[in-house]
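Position one of the sequence shown corresponds to residue 1 (full-length UniProt numbering), numbered consecutively onward.
The beta carbon of each residue, even a glycine, is placed where N, CA and C say it ideally should be.
Fair warning: this is a prediction, and the values are worked out from it, not measured in the lab.
A short write-up of the structure that comes next.
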Amino acid sequence: MKPGNELLFLALGGSGEIGMNVNLYGCQGKWVMVDLGMTFADPAYPGIDLILPDLAFIEERKADLLGIVLTHGHEDHIGAIPYLAADLGVPLYATPFTAGLIAGKLEEEGLTDEVKLKVVDMEGDFRLGPFGFRYIPLAHSIPEGNALLIDTPYGRVFHTGDWKLDDSPQLGDPSTEAELRAIGDEGVLALVCDSTNVFQDQASGSEATVREGLDEVISAAEGRVLVTTFASNAARLKTLGHVAQDTGRKVCVAGRSLDRILRVSKSVGYLTDFPETIDFDEAMQLPRREVMIIATGGQGEYRAALARIAFDQHKLKLDAGDLVVFSSKQIPGNEIAIGRIQNELAAKGIAMITDRQAEVHVSGHPGRPELASMYQWIRPQIIVPVHGEMRHMAEQARFARMCQVPHGIVQKNGDLVRLAPEGPEKLGEERVGRLVLDGDVILAADGSTMNERRKIANNGVISVALAMDDNDRVVGDVQISLEGVPVEEDRDAFLEEACDAASDAARKNSGSESKLREGIRLAVRRCATDWTGKKPVVDVLIVRV
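The structure is reproduced here in structure tokens:
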């Protein structure tokens with residue numbers, strides 16, 4: 001597919017899901033990419049931490065790709081860059097803070113000289129072929145949240161990225177209503193818009209109110225206080241620095257990602273007034289009422305600082321009478337992991353406060369009042385919901401129609417959409433999918449490796465080894481080992497029967513080596529199924545003697 005005299009839109013990630021945002025715009029034979037994010041794995045991917053987008057569509061057309069433009073520095077918008085950008089062979093464009101985060105990622109992977117990173121000033125503009133880009137600052141929970149105003153021969157696109165409205169932002173200087181209205185006055189063809197909080201009837205709220213809520217909660221605490229939040233939420237870090245000063249506490253930071261965000265923020269002029277931090281040893285020596293720990297791990301990540309502290313695997317310790325504040329929203333799907341940590345804290349007599357008990361968190365995404373305001377100011381001809389599950393995007397399209405946006409289209413990953421001329425119109429479906437980062441190797445999420453691992457995780461594995469002579473007679477004893485097969489107390493009896501089954505199958509399946517191996521495999525698996533109801537993976541090794 002090569003774009004003609006038209007404006008095309010194609011999501012390779014982030015439409016029909018929250019996370020892994022990758023969007024393509026096509027015009028006059030050329031493509032540009034907006035964002036290149038990843039998402040975190042769930043239990044359906046055993047042994048996997050990161051999920052990456054399958055970029056096969058644009059990799060096959062990378063000669064026509066002009067560049068990758070990044071809206072902001074959250075992992076679901078930049079996290080796949082170290083793994084996929086080098087193969088695309090095009091420059092990256094980002095504002096200073098986002099570029100700082102990307103540069104660190106590229107350096108860690110040894111890619112600094114292989115990927116060209118171009119820093120664009122806030123509110124800066126540049127051209128890529130038929131596309132003109134201008135950064136439009138919007139409030140979010142990370143420095144330099146930006147929309148992109150994309151000029152094309154067929155109209156302008158306002159691509160919001162992640163955003164909210166905040167009259168008292170703690171970081172940055174987001175665009176005013178007047179500035180956004182002026183963009184609308186000049187005409188906008190399409191609004192490509194964040195759908196995350198479309199079901200929220202209230203506005204997301206200001207970061208300023210979080211400071212008041214945290215002041216109240218932490219000033220009342222008698223022991224140590226640990227506050228956990230998203231590491232990338234630099235606005236919250238600024239708030240927490242003020243809260244520590246308000247409540248007379250020293251700040252200790254636990255988590256490499258927090259250290260990185262603080263370092264990059266300060267390098268480009270943010271968080272310069274953040275208080276000097278203390279190390280773990282000093283934090284443990286100070287009176288309990290004088291310490292505030294900021295830690296990663298509020299979503300239940302088992303290797304993050306909060307989990308290690310909760311399970312006594314960290315230099316920092318919490319005891320009965322201490323307080324943990326979850327200054328973040330619980331992401332759907334993380335309930336079990338978070339509950340595991342909260343149960344461990346509760347068993348130690350540690351108090352906990354979440355956003356359900358006090359105003360200790362506000363979202364970085366727009367509720368319905370904010371969406372309505374954006375529609376009124378920008379006045380697009382077309383709404384293209386992104387950054388949401390299908391229910392979020394369908395509801396935003398419906399809500400936009402209620403707010404007098406003339407046209408809309410609900411698309412999903414892989415839907416090729418013509419925005420102009422004569423749009424919006426779905427033209428067809430292109431290949432999309434998921435990749436997994438398995439150690440240092442990138443694999444298909446539903447390829448043979450992952451399918452085999454799921455089978456092993458669900459059913460266990462049995463290894464069978466036997467020696468046979470040239471007359472296909474078993475020599476010596478059959479050896480069987482097993483992992484994850486639920487025989488427990490009956491293990492010896494099961495192994496005896498499984499060995500007999502393997503020997504019998506060896507005698508009955510003379511012929512080709514493959515037929516012999518398959519006969520033994522099926523016999524041992526039938527034995528395991530009879531004993532357990534499971535169908536373990538069975539691997540057979542035949543040694544000729």
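| said: Helix, strand or coil, according to DSSP, for T176 in the structure here? | reply: coil
| message | Assuming contact is defined by CB atoms lying nearer than 9 Å, are V115 and Y93 in contact in what I supplied? | response | no
| message | Which of the three DSSP states is assigned to A44 in this structure? | response | coil
| request: Look up R181 in the DSSP assignment and say whether it is helix, strand or coil. | output: helix
| request: Step through the CB atoms of chain D and report whether any lies within less than 9 Å of the CB of V210. | output: Going by chain labels, chain D is absent from the structure shown, which holds only one protein chain.
| Any idea if P3 is buried or exposed, counting beta-carbon neighbours within 10 angstroms, 16 or more meaning buried? | buried
| Below 9 Å between beta carbons: does that hold for D87 and M20? | Annotated as distal: D87 and M20, with beta-carbon spacing of 9 Å or more.
| Exposure label - I336; buried when at least 16 CB within 10 Å | exposed
| Quick one: what does DSSP say V243 is sitting in, helix, strand or coil? | helix
| field | Bridge partner(s) assigned by DSSP for G408 | value | I383
| field | Supposed contact pair I142 and H72 - C-beta distance, whole angstroms, cut 8 Å | value | At roughly 6 Å, the Cβ-Cβ gap stays under 8 Å, so H72 and I142 are in contact.
| field | Per-residue burial, S514 [other beta carbons within 10 Å of its own, 16 or more giving buried] | value | exposed
| query | Do you know offhand how far S266's Cα is from K250's? | reply | A small fix is needed here, since residue 266 is Lys in this sequence, not Ser. If I take the Cα positions, the gap works out to 19 Å.
| said: Let me check understanding here. Comparing Cα to Cα, which of D470, V227 and S463 lies closest to A502? | reply: S463
| message | Could you check whether M450 and D440 sit closer than 9 Å to each other, using their CB atoms as the reference points? | response | Against a cut-off of 9 Å, the Cβ pair of M450 and D440 comes out as no contact.
| field | Alpha-carbon to alpha-carbon, V362 and N146 | value | Whole-angstrom Cα-Cα distance: 19 Å.
| field | DSSP state of E282 mapped onto helix, strand, coil | value | helix
| query | Would the beta-carbon of V69 fall within 9 Å of that of V386? | reply | Contact annotation: V69 and V386 have beta-carbon atoms that are not nearer than 9 Å.
| task | Count the other C-beta atoms from every protein chain shown that fall within 10 angstroms of the C-beta of M402, then say buried if there are 16 or more, exposed otherwise. | result | exposed
| field | Status (buried if at least 16 other CB within 10 Å, exposed otherwise) for R211 | value | A buried status is given to R211, since no fewer than 16 other beta-carbon atoms sit within 10 Å of its beta-carbon.
| How many angstroms separate the CA atom of D246 from the CA atom of M284? | 21 Å
| Residue range of the unbroken alpha helix (DSSP H) whose run includes Q342 | E335 to A347
| Between the Cα of G255 and the Cα atoms of T229, E290 and F274, which residue gives the shortest distance? | That would be T229, whose Cα lies nearest to the Cα of G255.
| query | How about E22 and A80: are their beta carbons less than 9 Å apart? | reply | Note that residue 22 is Val in the sequence shown, not Glu. Closer than 9 Å, so yes.
| said: Looking at the secondary structure, which residues open and close the alpha helix (DSSP H) in which K250 lies? | reply: Per DSSP, K250 belongs to no alpha helix (DSSP H); it is in the beta strand (DSSP E), K250 to A254.
| Taking buried to mean at least 16 other C-beta atoms within 10 Å of its own C-beta, is F311 buried or exposed? | Within a 10 Å sphere around the beta-carbon of F311 sit fewer than 16 other beta-carbons, which makes this residue exposed.
| query | Would you report the Cα separation of T152 and G414, rounded to the nearest angstrom? | reply | 22 Å
| field | Environment of N197 [buried if 16+ CB atoms lie within 10 Å] | value | buried
| query | To which residues of the same chain is T239 closer than 8 Å at the C-beta, ignoring the five residues directly before and after it? | reply | Q170, E207, V210, R211 and L214
| query | Using DSSP with H/G/I as helix, E/B as strand and the rest coil, what is M38? | reply | coil
| said: Check for me: the beta strand (DSSP E) holding Y25 runs from which residue to which? | reply: V22 to C27
| task | Name the residue from M390, I261, L318 and A295 whose alpha carbon lies nearest to the alpha carbon of P287. | result | Comparing C-alpha distances from P287 to each of M390, I261, L318 and A295 shows the shortest one belongs to L318.
| task | Mark L541 as exposed unless 16 or more other C-beta atoms lie within 10 angstroms of its C-beta, in which case mark it buried. | result | exposed
| task | Using beta-carbon positions only, say whether K426 and L416 come within less than 9 Å of one another. | result | yes
| Counting along the chain, where does the alpha helix (DSSP H) carrying E497 start and finish? | R491 to K508
| message | Strictly by DSSP, which residues pair up with W31? | response | G26 and L65
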